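These notes are about the structure you will find just below.
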Amino acid sequence: MKKLLTVLFTLFIVTAIYSQRKADFGIIGGATSYLGDINQEQVLYNPGYMAGPIFRYNFNKRLSVRVKSVYSKVSGSDNDFEHVIIGRPSNTFNVTFLNTGAQAEYNFLPYLTGDIAFKWTPYVYGGLGYSIVLSSSSTAGIPANNHFLIPFGAGLKVNLGKRLSGGVELTFNKTFSDKVDGVIPPIGESFLFKNDWYNYVGLFITYKFFKFAADCPVYD
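Going letter by letter, the sequence shown gives residues 15 to 234 in my numbering.
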């Protein structure tokens, strides 16, 4: 796991340095929430926390790709809910992750960090990621496992200065695991019924170190 973390971190740094003239760098932090076998309804159940670096490469005023790596924590307990599944023991769990992924990002309005002509824009994004479990505890005795995930969501960016940008975003993470909450439903861990999700609400701030090269007008 340490080797994989080193490779991911090195890739993040090398890509950022190579692409810096059309890129911005920053940090993101906020709250996490979990949906799955234990919590099936509450979108903002038992908030945890998340934080990490974000790197964005801007092809033009509309289209970007980004790499985000965040440390996050989710937790939950059957004791918080009235519903009981017959044959399943009660469970309380705590999990911390390192999630790294790449996403494509589309701006609804023309936008570049530091360009005062384009002050703000809503955007959507989606991609693929991988989650490494750093710690996991479950009273049911089923630990969380490393897994792929599909992150997607929407947000709002605002120019705060010549090189500074900030904003807020909501991320949904559809996991390819049914062990995040330490519970496997009676029907088993089939692909169709994997239903563990964790979501982020985060604030971010990014900084543009270099001027952007000439913009491609295709999406203007």
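Glycine included, every Cβ here is placed at the ideal spot set by N, Cα and C.
Nothing here was measured: the structure is a model prediction, and the numbers come from that model.
Worksheet item: Do residue 92 and residue 104 have their C-beta atoms closer together than 7 Å?
Response: Yes, they are a contact pair.
Worksheet item: For the beta strand (DSSP E) that contains residue 163, what are its first and last residues?
Response: That run of the beta strand (DSSP E) goes 161–173.
Worksheet item: Comparing alpha-carbon positions, which option in 54, 123, 65 lies nearest residue 96?
Response: When only C-alpha atoms are compared, the closest one is 54.
Discussion item. Taking 6 Å as the limit between beta carbons, can you name the residues of its chain near residue 42, skipping five residues before and five after?
Written reply: Its chain contains 68, 216, 218 as the residues whose beta carbon lies nearer than 6 Å to that of residue 42, once the 5 sequence neighbours on both sides are disregarded; these appear in chain order.
Worksheet item: Grouping DSSP H, G and I as helix and E and B as strand, with all else coil, what is residue 93?
Response: DSSP places residue 93 in helix when its eight states are reduced to three.
Worksheet item: Is it true that the segment 123–131 meets the segment 142–150, where meeting means three or more beta-carbon pairs spaced less than 8 Å apart?
Response: Not touching, per the Cβ criterion.
Worksheet item: Using the beta-carbon count (16 or more within 10 Å), is residue 82 buried or exposed?
Response: Per the 10 Å Cβ criterion, buried.
Worksheet item: Around the Cβ of residue 213, are there at least 16 other Cβ atoms within 10 angstroms (buried) or fewer (exposed)?
Response: Burial call: buried.
Worksheet entry | Reduced DSSP category for residue 75 - H, G, I as helix; E, B as strand; rest coil | In this structure, DSSP gives residue 75 a state outside helix and strand, which the three-state scheme calls coil.
Worksheet item: In angstroms, rounded to a whole number, what distance separates the CA positions of residue 220 and residue 167?
Response: Distance between the alpha carbons of residue 220 and residue 167: 18 Å.
Worksheet item: Would DSSP call residue 133 helix, strand or coil?
Response: In the three-state reduction of the DSSP assignment, residue 133 falls in the coil class.
Worksheet item: Which residue or residues does DSSP assign as beta-bridge partners of residue 43?
Response: Under DSSP, residue 43 shares a beta bridge with 65, 217.
Worksheet item: Under 7 Å, do residue 63 and residue 87 count as touching if we go by C-beta distance?
Response: Yes, these two residues count as a Cβ contact at 7 Å.
Item to complete: Would you decide whether residue 234 is buried or exposed? Buried here means 16 or more other CB atoms lie within 10 Å of its CB.
Response: Confidence is the limiting factor: at residue 234 the pLDDT is only 47, short of 50, which leaves the residue's position unreliable, though a coordinate-based value still follows. Around the beta carbon of residue 234, fewer than 16 other beta carbons sit within 10 angstroms, so the residue counts as exposed.
Worksheet item: Would DSSP call residue 36 helix, strand or coil?
Response: Helix, per DSSP.
Worksheet item: residue 87 by DSSP, collapsed to three states: which one?
Response: In the three-state reduction of the DSSP assignment, residue 87 falls in the strand class.
Practice prompt. Consult DSSP for residue 106 and reduce its assignment to one of helix, strand or coil.
Written response: Correct three-state label for residue 106: strand.
Discussion item. Please report the straight-line C-alpha distance between residue 61 and residue 134, rounded to a whole angstrom.
Written reply: Their backbone Cα atoms lie some 28 Å apart in a straight line.
Worksheet item: Any idea which residues DSSP pairs residue 189 with across the strands?
Response: Note: residue 189 sits in a beta bridge opposite 163.
Worksheet item: CA-CA distance, residue 106 and residue 153?
Response: Spanning the two alpha carbons is a distance of roughly 6 Å.
Practice prompt. Classify residue 197 as buried or exposed, calling it buried when 16 or more other Cβ atoms lie within 10 Å of its own Cβ.
Written response: The C-beta of residue 197 has 16 or more other C-beta atoms within 10 Å across all chains shown, which makes the residue buried.
Worksheet entry | Option nearest residue 79 by Cα separation, candidates 170, 130, 85, 116 | In terms of CA proximity to residue 79, 116 leads the group 170, 130, 85, 116.
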